[in-house]
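In the order they appear, the protein sequences are chains A and B.
For the first sequence, UniProt numbering gives the first residue as 1, with consecutive numbering after it.
For the second sequence, UniProt numbering gives the first residue as 1, with consecutive numbering after it.
Built from N, CA and C at the ideal position, the CB exists for glycine as well.
Computed from a predicted structure; not experimentally measured.
Input: a single structure, listed below in C-alpha cells.
Protein chains: 2
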Amino acid sequence: MVRVGLTTERVVRAGAELADEVGFDQVTVSELARRFDVKVASLYSHVKGSQDLRTRIALFALEELADRAADAIAGRAGKDALIAFADAYRDYGREHPGRSAAARLRLDPETAAASAGVRHARMTRAILRGYDLTEPDQTHAVRLLGSVFHGYSSLETAGGFSHSAPDSQESWMRILDALDALLRTWPTTPAP
Amino acid sequence: MVRVGLTTERVVRAGAELADEVGFDQVTVSELARRFDVKVASLYSHVKGSQDLRTRIALFALEELADRAADAIAGRAGKDALIAFADAYRDYGREHPGRSAAARLRLDPETAAASAGVRHARMTRAILRGYDLTEPDQTHAVRLLGSVFHGYSSLETAGGFSHSAPDSQESWMRILDALDALLRTWPTTPAP
DNA sequence: CTAAGTTGCCTAAATGCTTTAGGCAAATGC
DNA sequence: GCATTTGCCTAAAGCATTTAGGCAACTTAG
C-alpha cells in the first residue's frame, strides 16, 4: 500500500483546480479521489464531506484573491489603485472561473466573519479613502463596487459579453473610468 | 392508478417553487416527484433530466422577470424608469431567491439567444434612451447596469448586507441615485 | 532497534439521486 | 366501442455520498 500523502491542504487545492476545470458545482469528492488515485473513503479523513469541501475551496479562493488584490493595490492610490484592485478581481475570474465562483459561495455568518471576506471589505474601504466620501456614503460605495466586481465577473464568465461588440476589455475600462468619475462626484443628496 | 395531470409546464413551475424554498442547486428530480406524489421515472416524460429541468427553470425565471420588468417600466421614463426597473430586479431576487439564482444560470449560447435574456437587454437599452449616451457608451452602460443589478441581488441574497448598518434599502436607493447621476454625466473621455 | 501508538488508506455496505427500458391503464378520437 | 395516444408505473443499473471498522506504514520512546 503506497501512501499518496494526502492532507486537507492538498485536497482543497486539488479541489480548487478541479473547480476551474469542470466548474465549481461539478466538484465532487469522487472525482477528486479518482485524481489522487485513491479510494473515495480516504478523502473523508481530510474533509468532512462534499459540503465541507466546497466551503473550504471557497475560503481558499477568498484568501488567494485577497492576497492578489493586496499585491495589486500596494503602493498605489486614487484611480490607479481602483483600477489595479478591480483588475485583480476580473483577472482572477478569467484565470480561475471555478475558484471565482467558489468565492461567491454563500457562507453562513460565522464562517463568513472568520473568512478573508473581511479583508476584501477593508481593502475596498482603503481604495475609497482616495476619494472624498463621508460615512455612510463610503459604505454605499463599498457595496456598489462589490456588486460591480462580483456581477461583471460573473456575467463575463457566463459568456454574457463574448460574441458582441465592443469587446469586454473595452467595456471594463470605460466602466472603471465611469466609476472613478462617479466616486469623485458622488451625489451627496438625491438628484432632482 | 390516478393521474396527477403532469405537464412540462407544471413540473417546471413546481421546480421554480422548490428552488425558492431549498435553493436552486438543491433542486432535484426526486424531490419534485415526492411533491407530486409520483414516481421519479414519471417526470422523465416531461423533462429530459436534471440538467434539462434546471435549464427550463432558468428560462421560466428569465421570462417571469422580464414580464415584471416590462410592467415596471411601462409609462415611465428617465430616473423614474431606471428606479422602477432596478427595483423589479431586486424585488424579484428577494421574493424569489431560487428563481433569481436560476436566472443567473449559465446557458449555452443558442439557448441564451432564444431566451428572454434578449428582452432584458432590450429593456435596459430602452431605459438608457432617457439618458444621452452614444453608442458604444450605451453598450458599456448596459453592461454596467447588468453587473450592478446582478451583483447586488446576488450579494444581498447571500446575506452580504444584513447585520450591518446602514440597511440594504438605504444603500440601494443611494446607489440608484449615484447611477442616475453617473448616466447623466457619463464621462466621454477618460478622466485625467 | 524494537515496541507502541498514530496516521493513512483500505474494504464493505447503506442510502439516495439519476437515468433508461419496457408495460399497463386511463383518456381521447374516430 | 375500439384503437391510439398519453400518463404513470415497475424494474434495474450506474454513480455520488457517507459511515464503520481494519490493516499497514510511518513516527516516536524507551
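Cutoff 8 Å: residue i Cβ touching any chain A Cβ
i: residue 20 of chain B; result: no
i: residue 35 of chain B; result: no
i: residue 99 of chain B; result: no
i: residue 151 of chain B; result: yes
i: residue 60 of chain B; result: no
i: residue 120 of chain B; result: no
i: residue 25 of chain B; result: yes
i: residue 78 of chain B; result: no
i: residue 174 of chain B; result: yes
i: residue 143 of chain B; result: yes
i: residue 159 of chain B; result: yes
i: residue 163 of chain B; result: yes
Cβ shell of residue i (< 8 Å), same chain only, five flanking positions each side left out
i: residue 29 of chain B; result: 40, 43, 44, 47, 49, 50, 53
i: residue 84 of chain A; result: 72, 73, 76
Close Cβ partners of residue i (< 7 Å) along its chain, the five nearest in sequence each way excluded
i: residue 77 of chain A; result: 130
i: residue 81 of chain A; result: 73, 127, 130
i: residue 79 of chain A; result: 180
i: residue 24 of chain B; result: 98, 101, 102
i: residue 264 of chain A; result: Outside the shown range of chain A, which is 1 to 192, sits residue 264 of chain A, and nothing can be said about it.
Among the options, the one whose alpha carbon lies nearest that of residue i
i: residue 121 of chain B; options: A:164, A:172, A:35, A:186; result: A:164
i: residue 60 of chain B; options: B:26, B:104, B:85, B:71; result: B:104
i: residue 179 of chain A; options: B:170, B:10, B:141, B:161; result: B:141
i: residue 34 of chain B; options: B:15, B:23, B:20; result: B:15
i: residue 152 of chain B; options: A:154, A:153, A:148, A:155; result: A:148
i: residue 20 of chain A; options: A:95, A:183, A:188, A:9; result: A:95
i: residue 132 of chain B; options: B:123, B:159, B:119, B:185; result: B:185
i: residue 200 of chain B; options: B:89, B:134, B:32; result: No answer is possible for residue 200 of chain B: it lies beyond the span of chain B, which begins at 1 and ends at 192.
i: residue 56 of chain A; options: A:89, A:9, A:119; result: A:9
i: residue 139 of chain B; options: A:162, A:136, A:119, A:158; result: A:162
i: residue 37 of chain B; options: B:3, B:69, B:26, B:25; result: B:3
i: residue 92 of chain B; options: B:156, B:11, B:114, B:119; result: B:156
i: residue 168 of chain A; options: B:182, B:159, B:183, B:136; result: B:136
i: residue 144 of chain A; options: B:24, B:123, B:182, B:115; result: B:182
i: residue 90 of chain A; options: A:11, A:150, A:17; result: A:150
i: residue 188 of chain A; options: A:134, A:22, A:166; result: A:134
i: residue 88 of chain A; options: A:166, A:112, A:58, A:123; result: A:123
i: residue 117 of chain B; options: A:58, A:69, A:158; result: A:158
i: residue 115 of chain B; options: B:11, B:12, B:58, B:27; result: B:58
is_contact[residue i, chain B] using C-beta, thresh 8 Å
i: residue 87 of chain A; result: no
i: residue 28 of chain A; result: no
i: residue 8 of chain A; result: no
i: residue 148 of chain A; result: yes
i: residue 177 of chain A; result: yes
i: residue 139 of chain A; result: yes
i: residue 106 of chain A; result: yes
i: residue 155 of chain A; result: yes
i: residue 46 of chain A; result: no
i: residue 75 of chain A; result: no
i: residue 49 of chain A; result: no
i: residue 66 of chain A; result: no
i: residue 171 of chain A; result: yes
i: residue 182 of chain A; result: yes
Distance cut-off 7 Å: residue i Cβ against heavy atoms of the ligand MN
i: residue 166 of chain A; result: The model on display carries no ligand, and the ligand MN is accordingly not part of it.
Residues near residue i by beta carbon distance below 6 Å, same chain, minus five either side
i: residue 176 of chain B; result: 83, 86
Say whether the segment 91 to 101 of chain B touches the segment 56 to 66 of chain B, bearing in mind that this needs 3 or more beta-carbon pairs closer than 8 Å, one atom from each stretch.
yes
Open item on the list: For the pair the segment 108 to 119 of chain B and the segment 171 to 178 of chain B, tell me if three or more CB-CB distances fall below 8 Å.
Closed with: no
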